[in-house]
Amino acid sequence: MTLAATSPVTPPSAPPRLRGVFARHPVAAAGSIYIALVAIGALAAPFLPLQDPIAMSPIDRLKPPSLEHFFGTDSFGRDVFSRAVHGGRVSLVVGLGVALVSTMIGLVVGVLSGFYRRADAVVMRIMDAVMSIPSILLAIALVTINKPGVLTIIISITVPEIPRVTRVVRSVVLTVREQTYIEAAVAVGTRPLKMLARHVLPNAVAPLIVQATFICALAVIIEASLSFLGAGTPAEIPSWGNMMAGGRTFIRNAPWVLLCPGLMLGFTVLSINMLGDGLRDLLDPRMSRAAGPV
Amino acid sequence: MSALLEVANLSTHFHSGGHLVRAVDGVSFTLDAGGVLGIVGESGCGKSVAAMSILRLIDGKPGVVAGDIQFDGQDLRVLDESGMRKVRGGKIGMIFQEPMTSLNPVLTVGRQITEAIRLDGSFSNAEARDRAVELLRLVRIAEAEKRLDDYPHHFSGGMRQRVMIALALSRSPKLLIADEPTTALDVTVQAQILDLLLDLRDRLGMAIILITHDLGVVAETCERALVMYAGRKIEEASVADLFASPLHPYTRGLMNSVPRLGDETSRRRRLLEIPGVVPSPAAMPSGCRFAPRCRLAEDRCRAAYPQWRAYGAGHFAACWRAGEAPHD
Amino acid sequence: MTEAPLLEVENLVKHYALSRGWFGAPRVVHAVDGVSFNMERGETLGLVGESGCGKSTVARCIVRLIEPTSGSIKVNGRDVAHLAERDMRPMRRDLQIVFQDPFSSLNPRHRAGAIVAEPLVNFGLAEGAELERRVAELFERVGLRKDQLNNRPHEFSGGQRQRLGIARALAVNPALIVCDEPVSALDVSIQAQVINLLGDLQRDLGLAYLFVAHDLAVVEHISHRVAVMYLGEIVEIAPRDDLFDAPQHPYTEALLAAVPSPDPRNKRKRRLIEGEVPSPISPPAGCRFHTRCPIAEARCKLEAPRLRAIAPGHEVACHLRAPRISGKSAKLNAETAR
Ligand SMILES: Nc1ncnc2c1ncn2[C@@H]1O[C@H](COP(=O)(O)OP(=O)(O)OP(=O)(O)O)[C@@H](O)[C@H]1O
Ligand SMILES: Nc1ncnc2c1ncn2[C@@H]1O[C@H](COP(=O)(O)OP(=O)(O)OP(=O)(O)O)[C@@H](O)[C@H]1O
Ligand code: SF4
Ligand SMILES: [Mg+2]
Ligand SMILES: [Mg+2]
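Residue numbers (the numbering used here), protein chains in the order written: chain A, 1 to 294; chain B, 1001 to 1328; chain C, 2001 to 2338.
Structure, rendered in structure tokens:
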């Protein structure tokens, strides 16, 4: 009831933002740690003391997990753990690649359609059409008409994701466009590119990053699905998808062949999404404000 | 009968730029059902923050620092968030100071009003639409039914402000907090809107807190008024007393700085200003906060904060030399 | 050869097309319908009128935030009405605007100092330490503290934000500032400071202001001439003293009568104009004010009155107050009308 009783006036201290968010968001912290491990493993795989992921050794066929083979071996006697770590490379490249390329393209298209009414009608109809096709089907179609390879996969997964980004960017642009501060910037002679960079796009950063993490996770899943279906990463490159495809027939007597890459896939996707949540909180403008009531 | 709203010792502080900003510092007032209270004061003196604090709308960490807010038998300081949501927009309508940022730019005006109306749960969609048209008519939007499907940016500044008023009135609140509700309106529409509010007061017993810097509006609509300066209440009186004999030098300064219509001598002359600016939160005077700008300031003013004292029935002020200067 | 006036607006028209809904006919808002006026250097023209009558639209057309439907806007003799943004940009150094809403006109992500610096940077007027100095100077000029340079807009009160907007407009030393209700959001003591500031700047720098406001006392105080708009048209334009001492158009009269008086003893003496506000989507035929005019006659419903001079510089659009007669007797007629 009294002033003193309820106002523990703490001195203002600006905690480092990242640490603050992670402290408030242990989930995001856990996610990023897991992703970091997978990424480091994938990047450094050739230099790590791992067994050869490709060399076959029919004698060691379908060995259960042991000290020698943490995750056991597959039907060709290859070490599943080593292959899973190497497989992270494909997922990493595809996930980041798709997130990056689709964000870039979606950004440009979204800005255009948000600013130009004429372009808008056409672009959004195309985007609707693209979105109406399940992305995995579209990706399969695109993969099959192109040369197999990681680049093809990235492009094939990117195309169906572009509309998502476009929509996010467009809605931001549409909202921001009506703000008087945009008019104010025009009135003081701000050029279009600077206008975009300083006044419009900063509003898109937070939703874009959230979208990008989501797309990254989705891309990892789609890549695995394509590979699982045999339409993705060529069989000679280890990836979680082809590993799971290879383990499918032995699910009864050697479940580890399928389960280990499957779990890694699951945890990775989950972690990316957890990180996305954390980033959203970090980037929320309300949190970046210097002040709040005591 | 107990008061509808009782605010005691309300304080809201912010941390900003390394300082403690005492935006509202121990403000108290009461308001009966059907009462009209005006709050005036310098820009930045904490009027809006006080209003937002009552509704617990201060963003950042929720909640006000301290004070007691009793509304209609409820303690708004401890009410849970879902109860608070019912109060906001339900029993208490709020007209925000920023007409554009308080309307959603990507939803049509009609949709925003009908949604607010339907929060009650007792209206069908069609009924809500009819009521929305009626509300827009009440606030004098021409051809209301035709403009329901327009977006806020299709409206002029004053029309948006009237849409805000319609929103605030949509659920027949018991208390209306109007933060500068008519700044964007021309005088004819302003007069009509103020009449509308007073009419709702008469018919439904709606109480009104009117935050404004337009002394003419206060004079015409309010019964009591309080004057704030740098987060504190410095004078409170019935409107008649306040205008007839303002006690605080700041209140007098306010009244003298308004140009008057038809005053030929003032045309294109300098207006009387209150010199200086509001003290910075970092260097808040320890005595009277107005002292650095006050023509009457003397040593005791700078030494200690003047007491809140009564000068005649219902007329209070916090000034060591209240009423001393000739009324110029 | 005489110098061209600073601003010549001729027959300015702005129509907004609204979405037609699913079945309805297309709707056009006649926001501004044939507005003409001139402004000289160093002059203040007050622009008043009912909410929604098109004042902001005129203001935005002049600084070319929107393109007028038709008409011409000459700045220093050059028509900017339909210039492409690229050609318009250099003209913007002469034409600035202060907005009505101090909340949405400042980018919430930017710091106050950066907001005021933006025009200086855009036009390459200052950089580095010089830029900082200029910004600090502008802050001081509009009564903000230097320690607020790094604050963001949400840390300012409404009035403080409006001062930021004024500082931003002042930064490029314009010849004309269009002020769209610059003091509506300010409390009276700051309002007095800002009005005095605008006056000082006008005296020192020869600025001209197109001053849109609702507070007639402020308009009376600050303007040299005043134009009154009603539903997209100018109904009266006159030197300040003429307009306030002897308003001619019935709408101007109604407007002046509605001003709230800062004296509680005068309460409720106001006369209000009656009637529904007509809509700019389907403005009334004839005189647009006839639906609410206390002195309207049959002719008013049929024929739209044109602006006619009744005294030097005093023009009125009203069949009764400025009847159609030969130029010489117009002045005489004005005398009797008073
Ligand atoms: N979120 C915030 N963080 C820091 N300071 C704030 C915040 N919100 C408001 N303030 C400060 O609190 C003080 C009171 O602000 P408030 O908006 O209540 O003023 P006001 O009386 O409504 O003024 P105006 O008439 O200009 O609207 C100001 O000095 C302002 O700078
Ligand atoms: N972008 C737009 N699209 C459609 N209609 C618009 C648009 N902008 C303004 N209008 C309409 O044009 C008319 C004039 O608006 P304007 O903003 O010029 O009025 P104003 O005189 O400035 O009013 P106020 O005093 O309320 O600010 C209004 O009826 C408004 O609804
Ligand atoms: S207390 Fe003193 S300083 Fe404060 S307003 Fe009164 S006379 Fe001025
Ligand atoms: Mg306020
Ligand atoms: Mg306007």
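Note that CB positions come from ideal geometry on N, CA and C, so glycine has one too.
Within its own chain, the residues whose Cβ lies closer than 6 Å to the Cβ of C:T2252, once the five positions on either side in sequence are excluded, are V2228, E2236, listed in chain order. Within the same chain, L62 come within 6 Å of A:A254 by CB-CB distance, once the 5 residues on both sides are set aside. A straight line joining the alpha-carbon of B:I1117 with that of B:V1133 spans about 12 Å. In this structure, DSSP gives B:T1188 a helical state, which the three-state scheme calls helix. Here C:R2111 has L2149, N2150, N2151, R2152 as same chain residues with Cβ atoms under 8 Å from its own Cβ, once five neighbours each way along the sequence are excluded. A straight line joining the alpha-carbon of B:I1209 with that of B:L1254 spans about 20 Å. Under the DSSP assignment, C:Q2160 falls in the alpha helix (DSSP H) whose first and last residues are 2158–2170. Each of B:L1175, B:C1288, B:Q1097, B:L1119 was checked against the Cα of B:K1233, and the nearest Cα belongs to B:C1288. Counted as a single uninterrupted DSSP element, the beta strand (DSSP E) harbouring B:R1309 occupies residues 1308–1310. Contacts between A:E178 and chain B, judged by CB atoms closer than 7 Å, involve P1105, H1153 in chain order. Short note on A:L142: C-beta not closer than 7 Å to any heavy atom of ligand 2. The alpha-carbon of B:I1058 is positioned some 54 Å away from that of A:G149. Out of C:L2125, C:N2011, C:S2189, C:G2275, the CA that lies nearest to the CA of B:T1188 is found in C:G2275. In this structure B:V1106 is exposed. Its beta-carbon is surrounded by fewer than 16 other beta-carbon atoms within 10 angstroms.
In terms of Cα proximity to B:A1051, the closest of B:Q1307, B:H1015, B:V1007 is B:V1007. Residue environment for C:A2129: exposed (fewer than 16 other C-beta atoms within 10 angstroms of its C-beta). C:R2145 reaches chain B at V1277, S1280, counting residues in chain order whose Cβ is nearer than 8 Å. A direct Cα-to-Cα measurement between A:S156 and A:L142 gives close to 5 Å.
Between the alpha carbons of C:G2049 and C:A2298 lies a gap of roughly 25 Å. Counting every other CB atom within 10 Å of its CB across the protein chains shown gives A:N203 a total of 16 or more, marking it as buried. Counting only heavy atoms of ligand 2, the residues whose C-beta sits closer than 5 Å to one of them are, along the chain, B:H1154, B:F1155, B:S1156, B:G1157, B:G1158, C:Y2016, C:V2029, C:A2031, C:S2051, C:G2052, C:C2053, C:G2054, C:K2055, C:S2056, C:T2057, C:P2280. For C:L2231 against C:P2182, the beta-carbon gap comes to about 24 Å, at or over 8 Å, which does not count as contact. For C:D2245, the enclosing alpha helix (DSSP H) begins and ends at 2240–2245. Annotation: A:A119 has no Cβ neighbours in chain C at a cutoff of 9 Å; minimum Cβ distance is about 17 Å. Taking CB atoms only, A:V188 has a neighbour in chain C less than 8 Å away. The C-beta of C:D2094 comes no closer than 8 Å to any C-beta of chain A. Using a CB distance cut-off of 8 Å, C:A2238 does not count as an interface residue toward chain B.
Contact between B:Q1112 and B:L1103 is confirmed by a C-beta separation of about 6 Å, below the 8 Å threshold. Of the candidates C:V2121, C:L2243, C:E2040, C:C2318, the residue whose Cα lies closest to the Cα of C:L2216 is C:L2243.
Taking the beta carbon of A:P202 as reference, the chain C residues within 8 Å of it are R2109, listed in sequence order. Residues I1095, V1139, P1181, I1193 of the same chain have their beta carbon placed closer than 7 Å to that of B:I1165, with the five preceding and five following residues left out of the count. Only exposed fits A:Y116, as fewer than 16 other CB atoms lie within 10 angstroms of its CB.
Residue side-chain check: C:D2180 places its Cβ nearer than 7 Å to a non-hydrogen atom of ligand 5.
Cβ atoms of C:L2138 and C:A2167 come within 8 Å of each other, at about 4 Å. If you draw a straight line from the Cα of A:I105 to the Cα of A:I162, it comes to about 7 Å. Assigned with DSSP and collapsed to three states, B:E1220 falls in helix.
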